[in-house]
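Sequential numbering of the sequence shown, starting at 284, is according to this note's numbering. Beneath this line is the structure, given in structure tokens, with notes to follow.
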Amino acid sequence: MTMRFRTLAVALLAALAVLATAATAGAASKAGTGGVAAQATTLTVYSGRDERFVKPMFDLFTQRTGIQLQVRYGDSAALAATLLEEGRNSPADVFVSQDAGALGAVGSKLRLAVLPQKTLKKVSPRFRAPGKRWVGVSGRARVVAYNTDALRASELPTSIWGYTSPRWRGKIGVPPTNASFIAFVSAMRMRVGDDRTRDWLLALKANDVKFFTGNGPILQALARREVEVGFVNHYYLYQLKESTPSAPVANHFLTGRDPGALINVAGAGVVASSKKKAAAVRLIDFLLSKDAQRFFSRSPGRAEYPLAARVRPRVGLPPLTRIEGAKINLSALGSRLPSTLELLREVGYTR
Numbered sequence: 284m285t286m287r288f289r290t291l292a293v294a295l296l297a298a299l300a301v302l303a304t305a306a307t308a309g310a311a312s313k314a315g316t317g318g319v320a321a322q323a324t325t326l327t328v329y330s331g332r333d334e335r336f337v338k339p340m341f342d343l344f345t346q347r348t349g350i351q352l353q354v355r356y357g358d359s360a361a362l363a364a365t366l367l368e369e370g371r372n373s374p375a376d377v378f379v380s381q382d383a384g385a386l387g388a389v390g391s392k393l394r395l396a397v398l399p400q401k402t403l404k405k406v407s408p409r410f411r412a413p414g415k416r417w418v419g420v421s422g423r424a425r426v427v428a429y430n431t432d433a434l435r436a437s438e439l440p441t442s443i444w445g446y447t448s449p450r451w452r453g454k455i456g457v458p459p460t461n462a463s464f465i466a467f468v469s470a471m472r473m474r475v476g477d478d479r480t481r482d483w484l485l486a487l488k489a490n491d492v493k494f495f496t497g498n499g500p501i502l503q504a505l506a507r508r509e510v511e512v513g514f515v516n517h518y519y520l521y522q523l524k525e526s527t528p529s530a531p532v533a534n535h536f537l538t539g540r541d542p543g544a545l546i547n548v549a550g551a552g553v554v555a556s557s558k559k560k561a562a563a564v565r566l567i568d569f570l571l572s573k574d575a576q577r578f579f580s581r582s583p584g585r586a587e588y589p590l591a592a593r594v595r596p597r598v599g600l601p602p603l604t605r606i607e608g609a610k611i612n613l614s615a616l617g618s619r620l621p622s623t624l625e626l627l628r629e630v631g632y633t634r
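Spelled out as structure tokens, the structure:
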């Protein structure tokens, strides 16, 4: 309060200075955020995205708007469960998720607010919630990454089903606890049913599939030729190449409606109980701005698919229009999460 009274006193003594300050603040509040005035000085963000992927944009948002962000980082599914458990008492204002499934799980329980149409229309209907409670911020394709010293692209199966043959025994890496892999298994269940999905998982395991803690470790193992192929998100290759340009690893994109060609999104929504919704929407709009979309898609070591602001993907990536993928409702991945986790435990991929 002391600072507020001191500011008022200065304003009364120097009206011209106040006008100049107000003009500057007004201009800053409009920069890249649609001109909406800051509703609050601090937003609480639950982020299922790793800090290194989003913190630079969070910092830039604060720099441009003056709105501070208190970020809680964690696993997307765990944060979704926390939001549902906290209910209306949640301190969170914004939920940023690594995948659509976690957003769908929270949105289906009405714990995310309906977003304004001006925000929704920035993103194709393919990559936003039918119920208007979240939008995709960036896209990722499931790919088969492979060691180029061991294999030529022409030697790789054209479908995810082909990797259960004896040819691939002991040569495949998967990250069974990774949210994107879990979403991929959920999408497979939605596309072909539980029985065929279970059979595929069991066949991989019988073929001595190797388990890793995440996508990054799989790329490292590929570079060392500990495995020959791995099921990962496409952009991890660019992270590897940033640190090790000569790494003998490449991406193989599956085509058609193959379950292995899934396009998932990282996205965001406003928590329904937030009392700072205007500021929360402002953050989401910023993540869809040209600067943020370029950061996610084209800055060093990054190659996610931009979903807004007419930003083009990194050179060399096939356009999203050419990756058909399984025709599923991405929001529905959330409702499959508990049963997919149970399936993975049942077949011995997790404990």
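Glycine residues also receive a C-beta, built at the ideal position from the N, C-alpha and C atoms.
Buried or exposed for Glu629, going by 16 or more other Cβ atoms inside 10 Å? Residue 629 sits at position 346 when you count from the first residue of the sequence shown. Under this definition Glu629 is an exposed residue.
Would you kindly work out how many angstroms separate the C-alpha atoms of Gly387 and Leu367, rounded to a whole number? One-based indexing of the sequence shown puts residue 387 at position 104. One-based indexing of the sequence shown puts residue 367 at position 84. Each residue's Cα considered, the two are about 12 Å apart.
How about the region 457-469 and the region 575-592: do they share at least three Cβ pairs that are nearer than 8 Å? Inter-segment contact for the region 457-469 and the region 575-592 is absent: fewer than three beta-carbon pairs are separated by less than 8 Å.
Enumerated in chain order, which unbroken segments of the alpha helix (DSSP H) with a length of 4 residues or greater are wholly contained in the region 476-517? For the region 476-517, whole alpha helix (DSSP H) runs of length 4 or above, ordered along the chain, are 477-489, 498-506.
Can you tell me which residues form a DSSP beta bridge with Arg423? Counting from 1 along the sequence shown, the entry for residue 423 is found at position 140. DSSP, once it has assigned bridges, lists Asn547 as partnering Arg423.
Opening and closing residue of the beta strand (DSSP E) in which Leu326 lies: Numbered from its first residue, the sequence shown carries residue 326 at position 43. Taken as a continuous stretch (DSSP letters only), the beta strand (DSSP E) holding Leu326 covers 325-330.
Please report the distance separating the alpha-carbon of Lys558 from that of Leu403. Residue 558 sits at position 275 when you count from the first residue of the sequence shown. Residue 403 sits at position 120 when you count from the first residue of the sequence shown. C-alpha separation (whole angstroms): 20 Å.
Straight-line CA distance for Tyr329 to Ala551? Looking up residue 329 in the sequence shown gives position 46. Looking up residue 551 in the sequence shown gives position 268. Approximately 10 Å, taken between the alpha carbons.
Please report the distance separating the alpha-carbon of Val594 from that of Glu438. Residue mapping note: residue 594 aligns to position 311 of the sequence shown, counting from 1. Residue mapping note: residue 438 aligns to position 155 of the sequence shown, counting from 1. In this model, Val594 and Glu438 are separated by some 34 Å (Cα to Cα).
Checking the sheet assignment: what are the DSSP bridge partners for Leu352? Looking up residue 352 in the sequence shown gives position 69. Paired residues: Leu326.
Simplified DSSP state of Ile455, which is helix, strand or coil: Translated into the one-based positions of the sequence shown, residue 455 becomes position 172. In the structure shown, Ile455 sits in a strand (DSSP, three-state: E or B).
What first and last residue would you give for the alpha helix (DSSP H) that runs through Phe579? What you label residue 579 is simply residue 296 of the sequence shown in a count that begins at 1. Annotation: the continuous alpha helix (DSSP H) that includes Phe579 extends over 573-581.
Taking Tyr518 as the reference, give the member of Val406, Pro408, Pro589 with the closest Cα. Locating residue 518 in the sequence shown gives position 235, counting from the first residue. The shortest Cα separation from Tyr518 among Val406, Pro408, Pro589 belongs to Pro589.
Check Ser448 in the structure and name its three-state DSSP category. The residue labelled residue 448 in the question sits at position 165 within the sequence shown. Note: Ser448 maps to coil in three-state DSSP.
When Ala428, Gly631, Gly617, Thr623 are compared against Lys392, the one with the closest alpha-carbon: On the sequence shown, position 109 is the one that residue 392 refers to. The candidate whose alpha carbon is nearest that of Lys392 is Gly617.
What is the DSSP secondary structure of Tyr632, reduced to helix, strand or coil? In the sequence shown, the residue the question calls residue 632 occupies position 349. DSSP places Tyr632 outside both helix and strand once states are collapsed to three, so it counts as coil.
Beta-bridge partners of Leu395, as assigned by DSSP: Here residue 395 is taken as the residue at index 112 of the sequence shown, counted from 1. For Leu395, the pairing in a beta bridge is given by DSSP as Val554.
For Leu620, does the three-state DSSP call read helix, strand or coil? Within the sequence shown, the letter at position 337 stands for residue 620. Here Leu620 sits in helix by DSSP.
For Phe344 versus Leu571, is the C-beta distance shorter than 8 Å? Start at 1 with the first residue of the sequence shown, and residue 344 comes out as number 61. Start at 1 with the first residue of the sequence shown, and residue 571 comes out as number 288. No, the Cβ-Cβ distance between Phe344 and Leu571 is not below 8 Å.
Which partner residues does Asn640 have in the DSSP bridge list? The structure shown does not extend to residue 640, since the chain is modelled only from 284 to 634, so the question has no answer here.
I think Met473 touches Ala615, with their Cβ atoms under 8 Å apart; what is that distance to the nearest whole Å? Position 190 of the sequence shown, counting from 1, holds the residue named residue 473. Position 332 of the sequence shown, counting from 1, holds the residue named residue 615. That pair is a contact at about 7 Å.
Own chain partners of Ser469 with C-beta closer than 8 Å, once the 5 adjacent residues on each side are dropped: For the purposes of this step, residue 469 is identified with residue 186 of the sequence shown, where counting begins at 1. Cβ within range, chain order: Gly384, Leu616, Arg619, Leu620, Thr623.
How is the beta strand (DSSP E) around Ser380 delimited, first residue to last? As a first step, residue 380 must be located in the sequence shown, where it is residue number 97. Looking at the DSSP string, the run of the beta strand (DSSP E) that includes Ser380 is 377-380.
Would you report the Cα separation of Leu600 and Val515, rounded to the nearest angstrom? Numbered from 1 along the sequence shown, position 317 holds the residue referred to as residue 600. Numbered from 1 along the sequence shown, position 232 holds the residue referred to as residue 515. Straight-line spacing of the CA atoms in Leu600 and Val515 works out to 15 Å.
How many angstroms separate the CA atom of Asp228 from the CA atom of Ala609? Absent from the model: residue 228. The displayed extent of the chain is 284 to 634, so no value can be given.
Beta-carbon proximity list for Val443, same chain, < 7 Å, skipping 5 on both sides: Working through the sequence shown from its first residue, we reach residue 443 at position 160. It is worth fixing the name first, because residue 443 is Ile in this sequence and not Val. Leaving aside the five residues that flank Ile443 on each side, the residues in its chain whose CB is nearer than 7 Å to its CB run, in chain order, Leu537, Asp541, Pro542, Gly543.
Backbone CA spacing between Arg423 and Ile606 [nearest angstrom]: In the sequence shown, the residue the question calls residue 423 occupies position 140. In the sequence shown, the residue the question calls residue 606 occupies position 323. If I take the Cα positions, the gap works out to 11 Å.
Cβ-Cβ separation, Leu502 to Ala586 (assumed contact under 8 Å), whole Å: Against the sequence shown, residue 586 aligns to sequence position 303. Against the sequence shown, residue 502 aligns to sequence position 219. Their Cβ separation, rounded to whole angstroms, is 13 Å, which puts Ala586 and Leu502 out of contact at 8 Å.
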